[in-house]
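In this note's numbering, the protein residues as written are 3 to 245.
Don't be surprised by glycine CBs; every beta carbon is placed ideally from N, CA and C.
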Amino acid sequence: MRRKWVEFHVRSKLSDGLDAPEELIKMAAHLGYRFLVLADFKEDEGLRELAALKEYGKRHGIDVASRANITVNSVKELKEGLRRIRRKVEVVGVASEAKEVVRAAARDGRVDVVSMLGLLKSPLDKGIVELMRRGRSALELNLSALISETENRRKILEKWMEYSTLAINRRVPIILASGAGSTYQMRSPRELIALALTIGMNVDVAVNGVSTLPLQIIRLNREKLKPEFVAPGITVIKKGGST
């Protein structure tokens, strides 16, 4: 069966990106993706445009998913953000330089990915990665950091090698994404995989990080967002309905 590629993290003009979401959708199709995750939805206003964007995506062969990025400096803000948005979007990512925030995110089952946005001061360590394993969250590496941080590319690659080794040793899933804020920053699945190989990542791990793993997160969370969902494998059957 043909592999379905997932661009798990882009930002449009709906948040802090440069291009219209429609342009990102068309670029995703051009690059060979089947799924595109728009990380523009912290507030209800952006979500009102989601249905139209999903329809636009279908016309271009792209399944559009919604994502919220929570970038805060306190655990209180993290919990408030999760409480406000978790039931409204299909993916939640957290990025912070505050160790207590990353630790809290790692253990919180509502967080899908702990995102490395080129943060050289990221507090990621063995203890936090172990919490991620228990909380079933994934580590996300974003290529956009290398495009924008021209002076720190070597340091970022060294950090990513360190982070990916920690994650692999503790069986924490790794997701590769562009983290793009424009069509210029978007890259093909092959380019993301090639980057992963340069930091010593196994081919299978890299390929799954742009396909199988992000797709699993999207599908599971879509099930969770259904009104009849109770727990994985358990749904409420309405009167007169069928299994």
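Should residue i be labelled buried (16 or more other beta-carbon atoms within 10 Å of its own) or exposed?
i	result
G111	exposed
T245	Residue placement at T245 is flagged as unreliable, the pLDDT there being 42, under the threshold of 50; the coordinate-derived value follows with that caveat. Under this definition T245 is an exposed residue.
S139	buried
P229	exposed
V209	buried
Leaving out five residues before and five after residue i in sequence, what residues of the same chain have Cβ atoms less than 7 Å from its Cβ?
i	result
L119	A97, N144, A147 and G181
V212	W7, V8, L178, P191, L194 and I195
K28	H62
V254	The chain is shown only over 3 to 245; residue 254 falls outside these bounds and no answer can be derived.
V207	I170 and I176
L215	A140, P175 and I177
For residue i, which option in the options has the closest C-alpha, if you only look at C-alpha atoms?
i	options	result
K81	V104, E99 and A67	V104
E79	A106, Y35 and H32	A106
E166	K60, A198 and K44	Here the sequence assigns Ser to residue 166, which means Glu is not the residue at that position. Residue A198 is the option with its Cα nearest to S166.
E57	I149, I72 and F37	F37
K226	R155, V91, V205 and P216	V91
L26	T73, L217 and Y186	Y186
I326	K44, R155, V209 and R136	In the structure displayed, the chain extends from 3 to 245; residue 326 sits before or after that span and is not available.
G59	R50, A31, V77 and R5	A31
L141	E153, D127 and N154	D127
N75	E99, L215 and I64	E99
M134	M163, I201 and G95	G95
Once you ignore the five residues that flank residue i on each side, which residues in its own chain have a CB closer than 6 Å to its CB?
i	result
L55	P23 and V66
S17	D42
P125	K101 and V104
L33	S190
K161	none
R5	S213
K15	A22
Y35	W7 and E9
I64	I27, A30, A31 and L38
I87	A70
I149	Q187
Could you check how far apart the C-beta atoms of residue i and residue j are, in whole angstroms? I think they sit under 8 Å.
i	j	result
G183	G19	4 Å
V12	M203	Rounded, the Cβ-Cβ distance is 22 Å, inconsistent with contact.
L52	S68	5 Å
R109	G137	5 Å
Kindly list the residues whose CB is nearer than 8 Å to the CB of residue i, restricted to its own chain and excluding five residues on each side of it in sequence; keep chain order.
i	result
V93	F10, V39, A41, A67, S68, R69, A70, D114, V115, I219, I220 and N223
R89	L227
V205	I195 and L199
M163	I201 and G202
Looking at chain D, is there any beta carbon in it that lies within less than 8 Å of the beta carbon of residue i?
i	result
K157	Absent here is chain D; the protein component of the structure consists of one chain.
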